[in-house]
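Q: In this note's numbering, the protein residues as written are 481 to 707. Heads up, the beta-carbon is just placed ideally off N, CA and C, and yes, glycines get one too.
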Ligand code: URA
């Protein structure tokens with residue numbers, strides 16, 4: 481397990497081996513392709529930045545009155561993996577970044593256990609503003625905010641979406657099925673048919689560490705799809 485041991489222990493895992501994802505460029509990838517990829521990445525970065533500005537000015541629901549700031553998303557603009565949580569908490573609302581509190585530390589450990597860092601992925605939430613007292617998002621808030629998430633996904637064009645928790649899974653799949661029904665197999669994200677895997681929210685895993693093994697299974701399912 482070597483240097484990954486502390487992260488896997490944090491995940492509550494002792495017996496799994498860390499596997500580095502290897503991205504194999506197609507043989508003969510030319511300088512022209514590399515330049516085209518960089519241009520796409522810059523275009524996505526610019527579009528995401530403009531979208532973040534729109535979100536920061538958004539007043540579509542009452543959460544704009546209680547937020548300190550919007551928490552739009554973070555990570556590589558053309559990441560292969562896109563993780564979606566529920567909504568910013570107090571610390572995220574203070575810092576303007578998703579998953580920077582305790583749940584965020586566990587998310588980093590989860591990423592590390594499958595050979596990823598936060599810089600490799602894109603992380604966003606269904607809601608861009610913190611619900612007061614960390615209450616559950618309301619249906620109306622999810623409906624008003626979801627277009628931002630759908631546009632983020634369209635720009636990042638990941639190879640896999642990982643929905644963390646019931647709210648992310650139900651919002652992305654437009655279903656009211658339970659997390660238990662949605663976990664364990666691959667779904668198709670309705671807009672562009674990207675593969676989507678559902679797992680537990682890291683905050684739930686902090687409360688129920690015995691579910692960490694199942695979340696590992698979800699991540700390895702996602703990894704098998706990407707590989
Ligand atoms: N929980 C979430 O769903 N998102 C965050 O950004 C932090 C905690």
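Should residue 569 be listed as close to ligand 1, given that the test is whether its C-beta is under 7 Å from any heavy atom?
A: yes
Q: Looking at residue 557: is its Cβ nearer than 8 Å to the Cβ of residue 524?
A: yes
Q: Using the Cα positions of residue 666 and residue 693, report the straight-line distance between them to the nearest angstrom.
A: Linking residue 666 to residue 693 through their CA atoms gives a straight-line distance of about 18 Å.
Q: Might you give, ordered along the chain, the residues of its own chain that have their beta carbon closer than 8 Å to the beta carbon of residue 671, omitting 5 neighbours on each side?
A: 630, 633 and 634
Q: Identify whether residue 671 lies in helix, strand or coil by the three-state DSSP scheme.
A: coil
Q: Indicate the three-state DSSP secondary structure (helix, strand or coil) for residue 659 in the structure shown.
A: helix
Q: Could you check if residue 555 belongs to the surroundings of ligand 1, using beta carbon to heavy atom distance under 7 Å?
A: no
Q: Any idea what DSSP makes of residue 512, helix, strand or coil?
A: When DSSP states are grouped into helix, strand and coil, residue 512 belongs to the helix group.
Q: If I'm right that residue 546 touches residue 535 with Cβ under 8 Å, what's the distance once you round it to whole angstroms?
A: About 15 Å separates the two Cβ atoms, so there is no contact after all.
Q: Which residues in the same chain have their Cβ closer than 8 Å to the Cβ of residue 669, if we skip the five residues on either side of it in sequence?
A: 633, 641, 652, 653, 675 and 676
Q: Flag this pair as yes or no: are the beta carbons of residue 564 and residue 605 separated by less than 8 Å?
A: yes
Q: Does the beta-carbon of residue 702 have 16 or more other beta-carbons within 10 angstroms, so that it is buried, or is it exposed?
A: Classification of residue 702: buried, given that the 10 Å Cβ count is 16 or more.
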